[in-house]
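A.B. asks: Each number in the working numbering comes from the position in the sequence shown (counting from 1) with 671 added on.
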Amino acid sequence: MAEPLTGFVDTAFINRLGAESLAALGVGTVALSSLFWIFNFLGISTQTEVAQAHGNDNRVRAMEITSLGIILSGVFGLIIISVGLPFTSPIASVLGADGPIQTAAEEYMSIRWWGAPAIMVTMTGFGALRGLQDMRSALWISLGINAINILLDAVLIFGAGPIPALGIGGAAIASVIAQWIGAVWVLFRVKKILGWTFHIDLSEVRKLMIVGSDLFVRTGVLNLFSLLAMRKATQLGADSGAANQAIRQVWMFGTLVLDSYAVAGQSLVAYFFGAGRIRDARKVGEIVCFWGLVSGVALAGIMWIGGGLVIDLLVPPSAVSLFNSAWLIVVMVQPVNALAFATDGIHWGTGDYRYLRNAVLLATCIGALGLFLVPHSLNWVWIMTDIWIGVRATMGMVRIWPGMGKSPLRFESQKTGL
């Protein structure tokens, strides 16, 4: 719950600047988060490798893979800055922004690029900590990053004393400062728990890149759908873009809350998988899916009851009617969303990355085709998002029960007799 709070606060603050600024924030955050998450394969693969090494009681390997992952994260972060910064304007245009919306989105994005290395290092460091079952450190660091961001938002967006009001640019500066503080904090924590080495085994680099290629494609295609949906909503006008940004912030909050089951499932499944305890790994899968589904139903109920509060905090008056008509569509899919995330974590834990890649490719092909064919309305954007999530959840479930194809859990359980 800590991680998406910054997005909520940014949205609430920028909402006071008007629909155009809020739509621009939506364009900027979707573009940047989509690109950053394409590289989250380092965090995912580091978490799985560290958890399996932990299950096999191999602490040296856990240290080596963590050090390598963090070094590569910093390198990729610098590459993102050098490639992304010159293309800020074209990216905003591709996402449907023009006029004042495009100007504000470019201002926001041109600042946020500089936080890329910090974001990458933090994601990989979190993966290492979670692989060691140290969920508490990641929690406190997330809370710290968000607290710093919130305090800086209040000062930099609206100004205070000698500090001028910087508007949407102030929100970007606040995020970058908080992200760099978080990255340094993660590095200190990882070094204290695991140690550090600059020794790089080229064979390990190759292994991470092979694993990363499937995850890179999966996350890239997943984010492609998000970008297409955002583009469709933004092209419908400032009010549609603002309503979509408000819905998206709640959606991200919900998905990251539900993602906690994926994180726990990944670490525990990988731990038992690394120790050869397949029965326990499957039991984790059952528990994760059950409680994920329960939480998804509870989240849907909370969202239904809290719709009015979301309007008061995040939605400009001119966009309320568009928001209301799409809100119910988002509420209804939360239990399915929970299963999509829970099963992702289970398959990450077994290293079943290629299957996940193919599942997201199928879902995105169906969803993207629907976005191009459906009527031009915000409702249909979210209906197609629900269908996209439904395909992912279905593919994730059948890989475990009954164990479609070469499921690691199914075939390993037969082979070991567990």
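Think of the CB as a built atom: it goes at the ideal place given N, C-alpha and C, for glycine as much as any other residue.
Can you have a look at M791 and say buried or exposed, based on whether 16 or more other CB atoms are within 10 angstroms of its CB?
C.D. replies: Buried: at least 16 other Cβ atoms inside 10 Å.
A.B. asks: Does A831 come out as helix, strand or coil in the three-state DSSP assignment?
C.D. replies: Of the three classes helix, strand and coil, the one that applies to A831 here is strand, per DSSP.
A.B. asks: Please confirm if the region 837 to 844 is in contact with the region 819 to 828, defined as three or more CB-CB distances below 8 Å between the two stretches.
C.D. replies: Segments in contact, yes.
A.B. asks: Between which two residues does the alpha helix (DSSP H) containing I736 stretch?
C.D. replies: It spans 730 to 755 - the alpha helix (DSSP H) in which I736 sits, taken as one unbroken run.
A.B. asks: Taking C-alpha atoms, which residue in A854, F797, A694, L907 lies nearest to S938?
C.D. replies: It is F797 whose Cα lies nearest to the Cα of S938.
A.B. asks: Suppose contacts are defined by Cβ-Cβ distances below 9 Å. Is I1071 in contact with I1017 by that definition?
C.D. replies: Yes.
A.B. asks: Can you grab the Cα-Cα spacing for the pair E691 / S704, in whole Å?
C.D. replies: Roughly 20 Å separates the two Cα atoms.
A.B. asks: Along the chain, where does the alpha helix (DSSP H) containing S760 start, and where does it finish?
C.D. replies: From DSSP, the alpha helix (DSSP H) with S760 extends over 759 to 765.
A.B. asks: Looking only at C-alpha atoms, which of G1074, A845, D1057 sits nearest to V680?
C.D. replies: When each option's Cα is compared against that of V680, the closest is A845.
A.B. asks: Whose C-alpha, out of L1042, V892, V959, G979, is nearest the C-alpha of A900?
C.D. replies: Ranking the options by Cα distance to A900, first place goes to L1042.
A.B. asks: For E875, which residues of its own chain have a beta-carbon under 6 Å away from its beta-carbon, when the five flanking residues on both sides are left out?
C.D. replies: Closer than 6 Å at Cβ, skipping near neighbours: L739.
A.B. asks: For S1084 and T793, I'd like the C-alpha separation in whole angstroms.
C.D. replies: A caution first: S1084 carries a pLDDT of 43, below 50, which makes its placement in the model too unreliable to give a value.
A.B. asks: Quick one: residues in its chain with C-beta nearer than 7 Å to the C-beta of F896, no 5 flanking neighbours on either side, listed in chain order?
C.D. replies: Around F896: T1035, G1038, A1039, W1059.
A.B. asks: Please report the Cβ distance between A946 and N686, rounded to the nearest whole angstrom; I am assuming they are in contact, meaning their Cβ atoms lie under 8 Å.
C.D. replies: Not a contact, Cβ separation roughly 49 Å.
A.B. asks: Taking the beta carbon of H725 as the centre, do at least 16 other beta carbons fall within 10 Å, making it buried, or is it exposed?
C.D. replies: The residue is buried, with at least 16 neighbouring Cβ atoms inside 10 Å.
A.B. asks: Determine, using beta-carbon pairs with one atom in the region 807 to 821 and one in the region 749 to 759, whether at least three such pairs fall under 8 Å.
C.D. replies: Touching, no, given that fewer than three Cβ pairs across the two stretches are closer than 8 Å.
A.B. asks: Please go through the same chain and pick out, in chain order, the residues whose beta-carbon is closer than 6 Å to the beta-carbon of F707, but skip the five residues on each side of it.
C.D. replies: For F707, where only same-chain residues beyond five positions count, the Cβ hits under 6 Å are I790.
A.B. asks: Determine the burial state of T1087: buried for a count of at least 16 other Cβ atoms within 10 Å of its Cβ, exposed for fewer.
C.D. replies: The pLDDT assigned to T1087 is 40, lower than 50, so where the model puts this residue is not dependable; a value taken from the coordinates is nonetheless given after this. Classification of T1087: exposed, given that the 10 Å Cβ count is below 16.
A.B. asks: Alpha carbon to alpha carbon, how far is N894 from A917? Give it in angstroms, no decimals.
C.D. replies: So the two alpha carbons sit approximately 18 Å from each other.
A.B. asks: Can you find the residues in the same chain that come closer than 6 Å, C-beta to C-beta, to P1079, ignoring five residues on each side of it along the sequence?
C.D. replies: Correct list, in chain order: T1021, D1023.
A.B. asks: DSSP state of F896, grouped into three classes?
C.D. replies: Helix, per DSSP.
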